[in-house]
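Each protein sequence line maps, in turn, to chains A, B and C.
For the first sequence, position 59 matches number 55 in the numbering used here, and the numbering has no gaps at all.
For the second sequence, position 18 matches number 33 in the numbering used here, and the numbering has no gaps at all.
For the third sequence, position 183 matches number 190 in the numbering used here, and the numbering has no gaps at all.
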Amino acid sequence: MDEEKRIGVFVCHCGTNIAGVIDVKALAEYAKTLPNVAYAEDYTYVCSTPGQTMIRDAIKEHNLNGTVVAACSPRLHEPTFRKATEEGGVNQFLFSMANIREQNTWVHMEEPEKAMQKAKDVVRMEVARASMLEPLTAKTVPVEKAALVIGAGIAGIQASLELADAGIKTYLVEKEPSIGGMMSRLDKTFPTLDCSQCILTPKMVDVERNPNIELMTYSEVEDVSGYIGNFDVTIRQKSRYVYEDKCNGCGKCQEVCPVSRPNEFDLGLQPRKAAYVPFPQAVPLKFTIDMDSCIKCDLCKTQEACGDLEAIDFDKPDELVTVKVGTIIVATGFDMYDVERKEEWGYKVFDNVVTGLEMERLISASGPTGGNVIRPSDGQKPKSVGFVLCAGSRDQDEEDGAKPYCSRVCCMYSLKHAHQLIEKIPGCVPYLFYMDIRSFGKAYEEFYYRIQNEGGKFIRGRVSRITEDPITKNLTVTAEDTLLGQLLEMELDMVVLANAVVPAESTQKIKTLLTLSNSPDGFLLEAHPKLNPMSTTTDGVFLAGMCQGPRDIPDVVSHAAAAAAAASIPIHRGSVTLEPIFAIVDQEHCGGCATCIGLCPYGATELNEVDGKLVASVNEAKCKGCGTCGSGCPSGAIKMQHFTNEQIMSEIEAFAQGW
Amino acid sequence: MTSEGMRDPKHYQLGKTQFDPDLIKEVEARGGKNAQMCYQCGTCTAGCPMTQRSGLRVRTVMRKANLGMREVLDDPDLWLCTTCYTCSDRCPRRIIATDAIIALRNIATQEHKVPMSMIKIMGSIAKTGHGVPNSEGNMKKRVLLGLPENPPTTHTYPEYIKDINKILEVTGLLKIKEEMEAESQ
Amino acid sequence: MKEYNFFLGCIAPNRYPGIEASAVKTSRKFDIDLQDFKGASCCPAPGAFGSMDVDAWIALGARNICLSEKEGKDIALICNGCYKSLFEANHRLKANPELKEKINSILANIDTEFQGSIEVRHLIDILYNDVGTEKVKESVEQPLTGLNVAIHYGCHLLKPKFDRTFGSSERPRFFDELVEALGATSVDYKEKMMCCGAGGGVRSYKVDLALDMCNEKLYNMVQANADVVVNVCPFCHLQLDRGQVEIKEKFGDVYDLPVLHYNQLLGIAQGMNPEELGLDAHEISVEPLLAKIL
């Protein structure tokens, strides 16, 4: 430790991101004046191959034993420069990064002089810190050869099949009684018009048959502990009050059940029994008894119904199952915007105003009307149907809970509905009220042409209000045709509100369990929006599908396959390297007071008896390096590696020297 | 020679259209929040009770303001908004279009393009403190109800009226009133 | 007894004093003391005056608020226009330090400074949220059973919703509940939330258009078999009442639909006589209405 410190400082221009605001050459010259700095240089892109070579060569040439790169955020390129440092023959933890882009030139571009001063401060601080850094050795841990997928819509199904096919044991957990998710509710899919059931149900059956997939429906993840490679997951298998191994799916329990309540799968458009499967093609085809509405009449248990199968047990409890997995994929999907909050459109007030998903059920061959589109008010076929696009999307009205982003599916499914109405009901005219038609995918714009050619009418204007004739239940839609500059008050038979997709309520719990974040739109935050949209900031946890943001089926499938590929890498490698940034306890000074046990948010601290004395220790793999325990330790016995008191104090002192 | 409705070829010219990009900034500064966010969906015009009975088109006003077409300030229909705020409550861009219209009226006032009916209301406030002052007939009604002839407002305490005039003076409104009254004579 | 400075505005004291009188009398039953607010002026009219200069509008509104701040009393008022001026001025000045500084620099000329120490409340808000419909119901001595009421909320009570506390302006219920608490029936009518047409300076600028809007509202109310239109804004009240005379003159349409401020309707239900509520001073006779309920 006592060898002379020889630090190299590398200042990145980042094109004009940094160099356009501050004088990078002057900054490098300034760095040369700092204590322990043996070398300083600037370069256009330090992260590029020549830039990294520059670091490697400078270490050898100038006999450096520490490096500082003044560039972007460590979140972006700390791994890059650590690697370059290591390649130069210096322990990678003797590198320190000065962020002069995100926290400086990007936010202070109007004040270049102050930005320069701040850049000097940060470089001085990081040089001081680099002088105090200690070499550390990364730790390698084995990875459990199994994965968990949460959510069994098309995203979770796809991810599970990919993992299973790669030879990985996969636990697929779904909170509903059947897998299939939102896609199982759809009739046809745009723009190819293949039927959703035809392309989804075979995959659902594959899931059930695949020996590498352990399917857990009507189940929820209750707890997750551990870390990449070694997650311990507790899953609550909610009681169906039916033994899955005994139920043969005959449906006799459903036939005799006297209870009737709205079927959630059909959005309440038709009833189900208390003993039910959500839809006939459900996987698994096992019945569930909804105890909230069951009247315990026991008819389902009689000889005419379940009888000798004895599959039904009203006292069957929930079960808690624990599994160990190496990686986790979150595929918890989305909800639909509660468009009732847009009171001007009268959803749930006027019978013939429906949502996009309700139209999907009304138009679906497997839906409550067998695919005959009818008006809810009188069962008549609608001859004119309005579509309100961007119903809660591209809308900044926070009071109504609307969403500023584009939901990316509504234009296309509304076009598809328009096509289906024209096809199914002779003479029916669909009117699409739009601001922009976003048909950006493969063969999407062509699909838009097709609907235009079939007679769909496109009105550029947003619907201001819908009113209802109390007798005919016809709707009057008020909008401006902004291309004509003319007020329209159109009497229509029916209106479909193409409501926004929104982050799923149920994702919140998973987010907390896995210490994930969300982006400002409320969807789960990816590791990088462009280069790593399927990973998260929690190692070993990946994202698939709509939980990360609105996307259509082809994009969901691609995203899910990408997540599966990413999740399989640590498993196939068999081991992962952990950051040595964890706390260590000096057991000689530890008084065994257990303060740190209560403080640790990750359950990484524990109290053990060593040589007849109670002392704390830290589970290196569970520790996230937050330092909370160290700051709370009354005897100062806990050291946060890579962020020691001395290292932090040296930074503060260096900062103070500039003022 | 050109026939009516046609343009003399020598008047065809490029670059004739001129916009003032500062207009919308002034609108925002005077309270027309988010006005630049307008995406011309027409929700405002469609919900406006004046659309069907007048020439006022809120979306078009927003369009002209956003492009910087100062002619919008000369439009007599600008003064037909009853400030019911229906457009604003339904706007998906959280623009308070009514306040944008009020901001445009404020700018028009600075250019002496405010209707005299408004100036008259200001005059009444400057004189009595009330936009609608008390009347002889009303005094009798008040007394019958057991109320004093005049309410306990500036009508009873006229000493407060000088403060009102001071505010009208320092905000420049009195000057506009006097100038416009002189112009109209 | 909760004390408020009673901000009168212009139309109530100077055209419909019955609205002023009924507010004071009916409020006493709920231990609300509406006190003389000395030196108050026009709010000033939000549409007409605010259209000329928003800063001057806020400054004149703030002058009124500051008078009450000096007495340490919250303001209660009974007019949607006054509500817009004073509630918004108060709200914006409290929320926006830059605006407060700007307005205070104007007010410095009259040795006044806005503090932000009081609240501005519409009496309908106090009745609904502080008194509650149950107590309003208990105060009824003469239930208005069988009376069909067309409720006119008025725009500036509810909108813009970002600057208010009542929630969505599309299908509000609180005023309906206060009317129903008196035993009357609130009838639904076409374009119920539509503007009366008077605001924004339009009544003085283009009275025909203002009346055309009013005409549509009155027609829809009568179609719904309303016996009376009830409002909480003297300016809407004037437009709906006086407007009927003008509509008859200009367009020949006759409705003879009585118009009451809620405080007057409440007064009738509390057993007060029509004279002490100033009902005889209305342009449209309220006799048919009184005959139906008394």
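Think of the CB as a built atom: it goes at the ideal place given N, C-alpha and C, for glycine as much as any other residue.
Locate the beta strand (DSSP E) running through residue i, then write down its first and last residues.
i, result
"residue 4 of chain A", "3 to 8"
"residue 196 of chain C", "Element bounds for residue 196 of chain C: n/a, residue is neither H nor E."
"residue 46 of chain A", "Taken as a continuous stretch (DSSP letters only), residue 46 of chain A belongs to no beta strand (DSSP E), being part of the alpha helix (DSSP H) at 45 to 57."
"residue 580 of chain A", "579 to 581"
"residue 62 of chain A", "62 to 67"
"residue 166 of chain A", "165 to 169"
"residue 605 of chain A", "601 to 606"
Going by other Cβ atoms of all chains shown within 10 Å of its Cβ, with 16 needed for buried, is residue i buried or exposed?
i, result
"residue 183 of chain B", "buried"
"residue 38 of chain C", "exposed"
"residue 338 of chain A", "buried"
"residue 632 of chain A", "exposed"
"residue 282 of chain C", "exposed"
"residue 256 of chain A", "exposed"
"residue 263 of chain C", "exposed"
"residue 298 of chain C", "exposed"
"residue 671 of chain A", "The structure shown does not extend to residue 671 of chain A, since chain A is modelled only from -3 through 655, so no value can be given for it."
"residue 102 of chain C", "exposed"
"residue 445 of chain A", "exposed"
"residue 22 of chain C", "buried"
"residue 291 of chain A", "exposed"
Please check the pair residue i and residue j, which I expect to be a contact at CB under 8 Å, by giving their CB distance rounded to whole angstroms.
i, j, result
"residue 233 of chain C", "residue 150 of chain C", "About 18 Å separates the two Cβ atoms, so there is no contact after all."
"residue 166 of chain A", "residue 549 of chain A", "About 21 Å separates the two Cβ atoms, so there is no contact after all."
"residue 154 of chain B", "residue 115 of chain B", "Between residue 115 of chain B and residue 154 of chain B the Cβ distance is about 41 Å, and since that is not below 8 Å, they are no contact."
"residue 626 of chain A", "residue 634 of chain A", "4 Å"
"residue 1 of chain C", "residue 243 of chain C", "Beyond the ends of chain C as shown, which are 8 and 301, falls residue 1 of chain C; an answer cannot be given."
Tell me whether residue i sits in a helix, a strand or coil according to DSSP, three-state version.
i, result
"residue 641 of chain A", "helix"
"residue 272 of chain C", "helix"
"residue 407 of chain A", "helix"
"residue 118 of chain A", "helix"
"residue 387 of chain A", "strand"
"residue 42 of chain C", "strand"
"residue 160 of chain A", "helix"
"residue 318 of chain A", "strand"
"residue 127 of chain B", "coil"
"residue 460 of chain A", "strand"
"residue 181 of chain B", "helix"
"residue 35 of chain B", "coil"
"residue 211 of chain C", "helix"
"residue 490 of chain A", "strand"
"residue 16 of chain B", "Because the pLDDT of residue 16 of chain B is 46, which lies under 50, any placement of that residue in the model is unreliable, and the question is left without a value."
"residue 52 of chain B", "helix"
"residue 84 of chain C", "strand"
"residue 221 of chain C", "helix"
"residue 146 of chain A", "strand"
Taking residue i as part of the alpha helix (DSSP H), name the residues at either end of that continuous run.
i, result
"residue 214 of chain A", "Element bounds for residue 214 of chain A: n/a, residue is neither H nor E."
"residue 553 of chain A", "549 to 569"
"residue 300 of chain C", "294 to 300"
"residue 255 of chain C", "241 to 258"
Would residue i pass as a contact of residue j if the rule is Cβ separation under 9 Å?
i, j, result
"residue 518 of chain A", "residue 399 of chain A", "yes"
"residue 181 of chain C", "residue 173 of chain C", "yes"
"residue 383 of chain A", "residue 408 of chain A", "no"
"residue 629 of chain A", "residue 578 of chain A", "no"
"residue 380 of chain A", "residue 489 of chain A", "yes"
"residue 353 of chain A", "residue 259 of chain A", "no"
"residue 59 of chain A", "residue 90 of chain A", "no"
"residue 241 of chain C", "residue 86 of chain C", "yes"
"residue 1 of chain B", "residue 123 of chain B", "Outside the displayed range of chain B (16 to 200) lies residue 1 of chain B, so it cannot be described from this structure."
Taking 8 Å as the cut-off, does the CB of residue i come closer than this to any heavy atom belonging to the ligand ADP?
i, result
"residue 87 of chain B", "The ligand ADP is not among the ligands present in this structure, which contains no ligands whatsoever."
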